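Peer 1: In my numbering, the protein residues as written are 2 to 108.
Don't be surprised by glycine CBs; every beta carbon is placed ideally from N, CA and C.
Note that this is a predicted model, so its numbers are computed, not measured.
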Amino acid sequence: MNNQELIQEINKNLGMVLPQDIAVDELQEKMGEYINELIQNNFDKLIMLLYRIDVSEQKLKQLLQQQPQQDAGKMIARLIIERQLQKIKSRQQFSPRGDDFTSEEKW
Numbered sequence: 002m003n004n005q006e007l008i009q010e011i012n013k014n015l016g017m018v019l020p021q022d023i024a025v026d027e028l029q030e031k032m033g034e035y036i037n038e039l040i041q042n043n044f045d046k047l048i049m050l051l052y053r054i055d056v057s058e059q060k061l062k063q064l065l066q067q068q069p070q071q072d073a074g075k076m077i078a079r080l081i082i083e084r085q086l087q088k089i090k091s092r093q094q095f096s097p098r099g100d101d102f103t104s105e106e107k108w
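1. Note the first and the last residue of the continuous alpha helix (DSSP H) segment covering Ala78.
2. Taking Cβ to Cβ, would you say Leu28 is nearer than 8 angstroms to Ile11?
3. Is the distance from the Cβ of Met32 to the Cβ of Ile81 below 8 angstroms?
4. I'd like to know whether the C-beta atoms of Ile54 and Asn14 end up nearer to each other than 8 angstroms.
5. Quick check: what's the CA-CA separation for Glu6 versus Glu58?
6. Which of the three DSSP states, helix, strand or coil, is assigned to Asn12?
7. Determine the closest residue to Ile77 out of Leu51, Lys46, Ala24, Asn43, with distance taken between C-alpha atoms.
8. Following the continuous alpha helix (DSSP H) through Val18, name the residue where it begins and the one where it ends.
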């Protein structure tokens with residue numbers, strides 16, 4: 002797993018500007034703060050972001066119900082990170098590599 006690729010996806014999808022060398026724990030912390038701010042001040046934007054990132058609504062509801070005392074922002078951040086990692090893994094598995102094509106197949 003490439004952390005830089007994860008950070009790029011988070012920055013792009015959430016409109017954040019996080020350093021490329023941020024640790025995953027710190028990433029989740031910063032995202033949690035940002036998400037809590039959205040919960041308080043711009044809930045519609047949060048819903049739109051979760052929809053666009055394709056975070057499972059069922060997973061989100063279940064997690065929030067099971068752990069009502071936990072920081073919602075951090076839990077949502079964890080779900081976003083998990084989803085982004087799934088997307089990166091799928092892209093790596095299914096995207097054709099440039100080296101796999103003959104010169105005739107490339108165009």
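Peer 2: On the basis of the data shown:
1. Within the sequence shown, the letter at position 77 stands for residue 78. Note, Ala78: alpha helix (DSSP H), 73-95.
2. Within the sequence shown, numbered from 1, the residue matching residue 28 stands at position 27. Within the sequence shown, numbered from 1, the residue matching residue 11 stands at position 10. Going by C-beta atoms, Leu28 is nearer than 8 angstroms to Ile11.
3. Working through the sequence shown from its first residue, we reach residue 32 at position 31. Working through the sequence shown from its first residue, we reach residue 81 at position 80. Against a cut-off of 8 angstroms, the Cβ pair of Ile81 and Met32 comes out as a contact.
4. Along the sequence shown, one-based indexing puts residue 54 at 53. Along the sequence shown, one-based indexing puts residue 14 at 13. Cβ distance < 8 angstroms, so Ile54 and Asn14 count as in contact.
5. If you number the sequence shown from 1, residue 6 lands on position 5. If you number the sequence shown from 1, residue 58 lands on position 57. So the alpha carbons of these two residues sit roughly 24 angstroms apart.
6. The residue you call residue 12 lines up with position 11 of the sequence shown. Looking at Asn12 - three-state DSSP - the assignment turns out to be helix.
7. Translated into positions along the sequence shown, residue 77 becomes position 76. The option with the nearest alpha carbon to Ile77 is Leu51.
8. In the sequence shown, counting from the first residue as 1, residue 18 sits at position 17. From DSSP, Val18 is part of no alpha helix (DSSP H); its letter is neither H nor E.
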